[in-house]
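First comes the structure, then the notes that go with it.
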Amino acid sequence: MKVNVQSVNFNADQKLISFIQKKMDKLENFYSKVIYADVFLKVQKTSDKENKITEILLSIPGGDMMVKKTCKTFEECVDECVNSLQRQLIKRKEKSKAYA
286 MKVNVQSVNF NADQKLISFI QKKMDKLENF YSKVIYADVF LKVQKTSDKE
336 NKITEILLSI PGGDMMVKKT CKTFEECVDE CVNSLQRQLI KRKEKSKAYA
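Here the working numbering is used: the first residue of the sequence shown is 286, the next is one more, and so on.
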């Protein structure tokens with residue numbers, strides 16, 4: 286799967302990018318028809334500790350899926366986003382099996 290990582294107002298290091306790629310690749314175990322994923326990493330300028338925002342746009346046949354999470358670290362955000370997408374993909378797969 287092609288994963289495009291875009292970091293807004295900062296440069297993401299290679300370790301974070303490879304972590305994201307590894308996590309996103311696991312989604313293909315649940316739904317093989319994923320076309321690509323756009324991952325947006327943002328830092329909010331607030332006094333909150335939870336100021337890291339991760340948005341993942343997953344392109345699949347029949348429509349896109351979008352997940353947005355705010356956490357203390359990008360790794361935690363990516364984990365939560367991937368878990369949420371995993372549940373959505375499993376639901377979509379079960380629905381498509383019901384119609385087949």
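Glycine included, each C-beta is placed from N, C-alpha and C at the ideal position.
Problem - residue 371 versus residue 357: straight-line alpha-carbon distance, rounded - result: Looking at the backbone, the Cα of residue 371 and that of residue 357 are separated by about 21 Å.
Exercise for the section: Look at residue 306 and residue 324 and say whether their C-beta atoms are less than 7 Å apart. Expected result: Not in contact: residue 306 and residue 324 (Cβ atoms no closer than 7 Å).
Handout entry: Proximity of residue 321 and residue 374 at Cβ, strictly below 7 Å
Key = Contact: no.
Exercise for the section: Compute every distance between the C-beta of residue 379 and the non-hydrogen atoms of the ligand GDP, then say whether any falls below 6 Å. Expected result: Looking at this structure, you won't find the ligand GDP or any other ligand, since it has none at all.
Practice task
Return the residue from the list 292, 346 and 339 that minimises the CA-CA distance to residue 381.
Solution key: The shortest C-alpha separation from residue 381 is found at 346.
Exercise for the section: Write down every uninterrupted run of the beta strand (DSSP E) in the region 301 to 330 whose length is 3 residues or greater and which is fully enclosed by it, in chain order. Expected result: Considered as a whole, the region 301 to 330 harbours 321 to 328 as its complete beta strand (DSSP E) runs of no fewer than 3 residues, in chain order.
Handout entry: Pairwise C-alpha distance: residue 368 and residue 296
Key = Approximately 25 Å between the Cα atoms of the pair.
Handout entry: Reduced DSSP category for residue 365 - H, G, I as helix; E, B as strand; rest coil
Key = Per DSSP, reduced to three states, the secondary structure at residue 365 is helical.
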